[in-house]
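So our numbering is basically just the index in the sequence shown, starting at one, shifted up by 76.
Glycine included, each C-beta is placed from N, C-alpha and C at the ideal position.
All of these numbers come straight from a predicted model, not from anything done at the bench.
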Amino acid sequence: IQRTRRPILLPEVQKQHGFKGYGGTQKVRSWMGVPLIARGTVIGFLTLDSYTPGVYRETAQANLALAFASHASIAVENSRLFKVEREQRQLAEALREIGTILSTTLDFDHVLDLLLDQVGRVVPYSIANILLVEEGRPRIVRTRYHESLDPEVAQLLKASPFNLSPSPHIYYMIDSAQPLVLPVVTENASWIECPLPIRSWMGAPIIVQGKVIACFSLATLQPDVYRPRHAELLSVFAGEAALALQNARLFSEIQQLAMVDDLTGVYNRRHLFELGEREFNRAQRYTRPLAVIMLDLDYFKGVNDRYGHLVGDQVLRAVAERCKSNIREVDILGRFGGEEFVIVLPEAAPSDAMLICERLRRHVAIRPISTTAGALKITISLGVANLSTETPTFLKLIECADIALYEAKRRGRNRACAFEEISV
Numbered sequence: 077i078q079r080t081r082r083p084i085l086l087p088e089v090q091k092q093h094g095f096k097g098y099g100g101t102q103k104v105r106s107w108m109g110v111p112l113i114a115r116g117t118v119i120g121f122l123t124l125d126s127y128t129p130g131v132y133r134e135t136a137q138a139n140l141a142l143a144f145a146s147h148a149s150i151a152v153e154n155s156r157l158f159k160v161e162r163e164q165r166q167l168a169e170a171l172r173e174i175g176t177i178l179s180t181t182l183d184f185d186h187v188l189d190l191l192l193d194q195v196g197r198v199v200p201y202s203i204a205n206i207l208l209v210e211e212g213r214p215r216i217v218r219t220r221y222h223e224s225l226d227p228e229v230a231q232l233l234k235a236s237p238f239n240l241s242p243s244p245h246i247y248y249m250i251d252s253a254q255p256l257v258l259p260v261v262t263e264n265a266s267w268i269e270c271p272l273p274i275r276s277w278m279g280a281p282i283i284v285q286g287k288v289i290a291c292f293s294l295a296t297l298q299p300d301v302y303r304p305r306h307a308e309l310l311s312v313f314a315g316e317a318a319l320a321l322q323n324a325r326l327f328s329e330i331q332q333l334a335m336v337d338d339l340t341g342v343y344n345r346r347h348l349f350e351l352g353e354r355e356f357n358r359a360q361r362y363t364r365p366l367a368v369i370m371l372d373l374d375y376f377k378g379v380n381d382r383y384g385h386l387v388g389d390q391v392l393r394a395v396a397e398r399c400k401s402n403i404r405e406v407d408i409l410g411r412f413g414g415e416e417f418v419i420v421l422p423e424a425a426p427s428d429a430m431l432i433c434e435r436l437r438r439h440v441a442i443r444p445i446s447t448t449a450g451a452l453k454i455t456i457s458l459g460v461a462n463l464s465t466e467t468p469t470f471l472k473l474i475e476c477a478d479i480a481l482y483e484a485k486r487r488g489r490n491r492a493c494a495f496e497e498i499s500v
């Protein structure tokens with residue numbers, strides 16, 4: 077029918093050698109099919125069947141079916157065109173709105189949330205991810221579950237996160253800078269096993285100046301949802317998202333540079349004081365414990381004088397790294413100046429603060445630090461002060477920790493001292 081564009085009548089289908097079981101049944105005895113033609117293209121077929129033999133045999137029947145098919149073709153094509161027009165309108169509205177919304181913020185996390193808010197207006201999904209591409213390696217930074225998901229299913233998905241990052245399909249998008257569609261994932265041999273009931277998947281790269289900086293990953297729990305037209309829509313959306321994401325990313329990097337000490341990678345003095353003041357005010361308001369550690373490298377001037385400042389820089393970086401790896405996630409580490417560092421310890425009782433001091437001291441002293449001048453044995457001295465009536469400001473708390481630090485040095489270095497034990 078598609079080749080000839082003409083109807084076919086089979087009065088006795090069982091006598092037709094090429095006729096197979098139709099519609100999952102062997103009971104069909106008579107059959108007729110006519111093409112649905114719109115704008116000169118066969119867009120479908122109208123078929124009629126009967127369990128009674130000899131029903132469809134007259135040319136008049138075919139002509140009547142063709143007349144009906146002609147009207148049906150117009151209706152189907154109009155419906156299709158309306159759907160395409162509606163999708164284009166939704167895309168245009170979403171792009172216009174996202175352009176307006178994204179222009180109001182440079183907050184990176186907020187931009188990620190906005191992108192996932194808007195992408196569902198363009199392409200349906202059950203699960204949506206944004207992956208950042210850093211040095212050619214993808215990393216999931218946002219996941220969203222559609223609100224229409226059954227709460228129990230959504231909870232299951234959240235309890236069993238699926239890491240798409242190592243998927244060959246993600247790397248295909250990064251390498252080719254092209255979208256990818258898997259209408260039925262189980263039919264794709266390279267689809268990686270996952271605990272989630274994903275059935276259809278699609279992704280599109282987010283490209284800035286010819287470089288893939290991120291990717292969209294969308295999935296549904298129903299098979300055969302995504303088609304090439306969905307990839308086109310998502311690619312257009314990704315193009316609009318690219319500039320906003322890049323601007324937010326650059327702004328975040330600039331902010332990070334403004335907060336971090338470029339030598340050691342810990343917070344700089346300005347940001348240390350901003351975060352410290354915030355924690356100090358919170359502790360005072362809610363009567364919570366708070367401690368501050370001031371630490372200093374012992375005999376560091378001798379390292380600079382003997383080996384040079386480049387080696388001194390290597391030592392500072394190594395000490396900062398050992399401190400970072402031996403404090404809690406909530407603790408705030410910053411470079412106060414020179415070879416002095418400050419650590420703010422929220423919710424740390426005096427005994428906890430001293431334990432942290434001892435752990436830091438031990439981990440710095442236990443193993444020599446590798447430098448271009450060889451392995452150098454480095455020790456630190458630490459002073460700790462706790463929030464009390466004697467420390468009405470964050471600056472005063474630091475001053476008390478500094479006093480304790482100098483007492484630790486006076487007592488021989490490579491030790492910790494609490495302000496409370498010397499102020500009695």
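DSSP places residue 159 in the helix class (H, G or I) of the three-state scheme.
Residue 374 is positioned such that its CB atom lies closer than 8 Å to that of residue 489.
Beta-bridge annotation (DSSP): residue 329 is not paired with any residue.
Between the beta-carbon of residue 273 and that of residue 297 there is about 5 Å, and that keeps the pair under the 8 Å contact cut. Taking a contact to require three or more Cβ pairs closer than 8 Å, the stretch 462-470 and the stretch 371-390 do not qualify as touching. About 6 Å separates the beta carbon of residue 174 from that of residue 316, a gap short enough to meet the 8 Å contact definition. Judged by beta-carbon spacing, residue 440 lies beyond the 8 Å limit of residue 368, meaning their Cβ atoms are not closer than that value.
Secondary structure within the stretch 358-425: the beta strand (DSSP E) runs of 3 or more consecutive residues, fully enclosed, are 366-373, 408-413 and 416-422 (chain order).
No Cβ-Cβ contact shorter than 8 Å links residue 192 with residue 152. A buried status is given to residue 462, since no fewer than 16 other beta-carbon atoms sit within 10 Å of its beta-carbon. Collapsing the DSSP output to three states places residue 476 in a helix. Judged by their CB atoms, residue 492 and residue 437 are nearer to each other than the 8 Å cut-off. Beyond the five residues adjoining it in sequence on each side, residue 301 comes within less than 6 Å, by CB distance, of 276 in the same chain, given in chain order.
The stretch 193-204 and the stretch 339-349 do not touch, with fewer than 3 CB-CB distances between them shorter than 8 Å. Taken in chain order, the unbroken stretches of alpha helix (DSSP H) that lie wholly in the stretch 125-184 and span 4 residues or more are 135-178. Less than 8 Å divides the Cβ of residue 383 from the Cβ of residue 449. Only buried fits residue 292, as 16 or more other CB atoms lie within 10 angstroms of its CB.
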